[in-house]
Amino acid sequence: DTEVTQTPKHLVMGMTNKKSLKCEQHMGHRAMYWYKQKAKKPPELMFVYSYEKLSINESVPSRFSPECPNSSLLNLHLHALQPEDSALYLCASSPSAGRTYGYTFGSGTRLTVV
Amino acid sequence: AQTVTQSQPEMSVQEAETVTLSCTYDTSESDYYLFWYKQPPSRQMILVIRQEAYKQQNATENRFSVNFQKAAKSFSLKISDSQLGDAAMYFCAYRSAHNAGNMLTFGGGTRLMVKP
Numbered sequence: 583d584t585e586v587t588q589t590p591k592h593l594v595m596g597m598t599n600k601k602s603l604k605c606e607q608h609m610g611h612r613a614m615y616w617y618k619q620k621a622k623k624p625p626e627l628m629f630v631y632s633y634e635k636l637s638i639n640e641s642v643p644s645r646f647s648p649e650c651p652n653s654s655l656l657n658l659h660l661h662a663l664q665p666e667d668s669a670l671y672l673c674a675s676s677p678s679a680g681r682t683y684g685y686t687f688g689s690g691t692r693l694t695v696v
Numbered sequence: 003a004q005t006v007t008q009s010q011p012e013m014s015v016q017e018a019e020t021v022t023l024s025c026t027y028d029t030s031e032s033d034y035y036l037f038w039y040k041q042p043p044s045r046q047m048i049l050v051i052r053q054e055a056y057k058q059q060n061a062t063e064n065r066f067s068v069n070f071q072k073a074a075k076s077f078s079l080k081i082s083d084s085q086l087g088d089a090a091m092y093f094c095a096y097r098s099a100h101n102a103g104n105m106l107t108f109g110g111g112t113r114l115m116v117k118p
């Protein structure tokens with residue numbers, strides 16, 4: 583299995599809703615990432631998990647809450663989002679730190695906040 | 003901090019022709035990796051080609067090749083025999099070899115259109 587699987591592919595939520603994005607990989611990668619991408623812009627890093635521990639939080643608002651329950655799974659819990667949070671959310675994984683550098687992206691979740 | 007710049011927001015190429023996408027970067031490090039990613043309308047970021055900074059030889063993957071100029075901090079992508087399926091956003095990206103977070107720094111992207 584050489585894929586990163588993200589669910590759902592599309593999500594519409596109200597500003598008072600609570601929802602979660604899911605990301606799964608079975609390549610044995612020990613680093614996982616959440617990126618946010620607005621239209622016609624490059625991805626922006628949100629969080630990095632290394633060996634299931636949060637290693638980088640790029641000053642993301644607390645309405646985004648990441649979780650890494652195990653080495654294969656990464657979640658992003660959403661609560662009280664704003665319309666400006668509408669974007670494509672990409673998950674990626676890579677082998678542990680070192681000279682290996684493969685980066686695999688999922689297809690993303692298109693989030694619309696209404 | 004590292005920065006990556008793609009000076010061409012849009013490029014157009016005729017099918018079967020060759021096109022070159024530009025990328026420059028700024029870093030004080032000597033050991034790093036460079037990448038070109040393709041993002042078609044399907045949204046998935048697909049790795050096109052990668053280059054290790056310590057290698058002098060330019061990377062090649064079938065119709066895709068790079069011109070890596072380390073001293074000039076330039077990393078351009080050449081697409082030969084362009085196909086309709088090459089139409090996409092292309093992002094140049096940098097990763098430090100010593101960054102514990104293994105983070106990618108992306109350029110602003112170039113939208114490539116392929117004319118039949």
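Quick mapping for you: the protein sequence lines, in order, are chains S and B. Counting the first sequence from 1 gives a position; my numbering is that position plus 582. Counting the second sequence from 1 gives a position; my numbering is that position plus 2. Heads up, the beta-carbon is just placed ideally off N, CA and C, and yes, glycines get one too. As the structure is a prediction and not an experimental result, all values here were calculated from the model.
Rounded to a whole number of angstroms, what is the C-alpha to C-alpha distance between residue i and residue j?
i: residue 53 of chain B; j: residue 62 of chain B; result: 9 angstroms
i: residue 608 of chain S; j: residue 631 of chain S; result: 15 angstroms
i: residue 79 of chain B; j: residue 97 of chain B; result: 17 angstroms
i: residue 651 of chain S; j: residue 92 of chain B; result: 33 angstroms
i: residue 627 of chain S; j: residue 85 of chain B; result: 31 angstroms
i: residue 660 of chain S; j: residue 6 of chain B; result: 30 angstroms
i: residue 640 of chain S; j: residue 629 of chain S; result: 6 angstroms
i: residue 16 of chain B; j: residue 90 of chain B; result: 14 angstroms
i: residue 55 of chain B; j: residue 33 of chain B; result: 6 angstroms
i: residue 107 of chain B; j: residue 83 of chain B; result: 29 angstroms
i: residue 695 of chain S; j: residue 599 of chain S; result: 9 angstroms
i: residue 646 of chain S; j: residue 12 of chain B; result: 33 angstroms
i: residue 621 of chain S; j: residue 671 of chain S; result: 11 angstroms
i: residue 111 of chain B; j: residue 674 of chain S; result: 18 angstroms
i: residue 653 of chain S; j: residue 662 of chain S; result: 28 angstroms
i: residue 588 of chain S; j: residue 73 of chain B; result: 39 angstroms
i: residue 49 of chain B; j: residue 596 of chain S; result: 34 angstroms
i: residue 87 of chain B; j: residue 4 of chain B; result: 31 angstroms
i: residue 635 of chain S; j: residue 60 of chain B; result: 36 angstroms
i: residue 610 of chain S; j: residue 677 of chain S; result: 7 angstroms
So that I know if they touch, is there some Cβ in chain S lying closer than 8 angstroms to that of residue i?
i: residue 132 of chain B; result: Shown here, chain B extends from 3 to 118; a query on residue 132 of chain B therefore has no answer.
i: residue 46 of chain B; result: yes
i: residue 105 of chain B; result: yes
i: residue 114 of chain B; result: no
i: residue 109 of chain B; result: yes
i: residue 93 of chain B; result: yes
i: residue 49 of chain B; result: yes
Measuring only between beta-carbons, confirm whether residue i sits less than 8 angstroms from chain B.
i: residue 646 of chain S; result: no
i: residue 610 of chain S; result: no
i: residue 627 of chain S; result: yes
i: residue 590 of chain S; result: no
i: residue 653 of chain S; result: no
i: residue 690 of chain S; result: yes
Identify every residue that forms a DSSP beta bridge with residue i.
i: residue 671 of chain S; result: S:618 and S:691
i: residue 648 of chain S; result: S:658
i: residue 49 of chain B; result: B:39
i: residue 14 of chain B; result: B:115
i: residue 31 of chain B; result: Beta-bridge pairing links residue 31 of chain B to no other residue.
Could you tell me if the beta carbon of residue i falls within a distance shorter than 7 angstroms of some heavy atom in the ligand COA?
i: residue 25 of chain B; result: In terms of ligand content, the structure shown is empty, and the ligand COA therefore cannot be addressed.
Note to self: Does the structure place the stretch 43–61 of chain B close enough to the stretch 688–695 of chain S that three or more beta carbon pairs sit under 8 angstroms?
What the structure shows: yes
Checklist line | Residues, ordered as in the chain, of the stretch 659–676 of chain S that lie near chain B by beta-carbon distance below 9 angstroms | finding: 670, 672, 674 and 676
Item checked: Residues of the stretch 630–642 of chain S with Cβ closer than 8 angstroms to any Cβ of chain B, in chain order -> 630, 632, 637 and 638
Check: Touching or not, the stretch 24–40 of chain B and the stretch 653–667 of chain S, by the rule of three or more beta carbon pairs under 8 angstroms?
Finding: no
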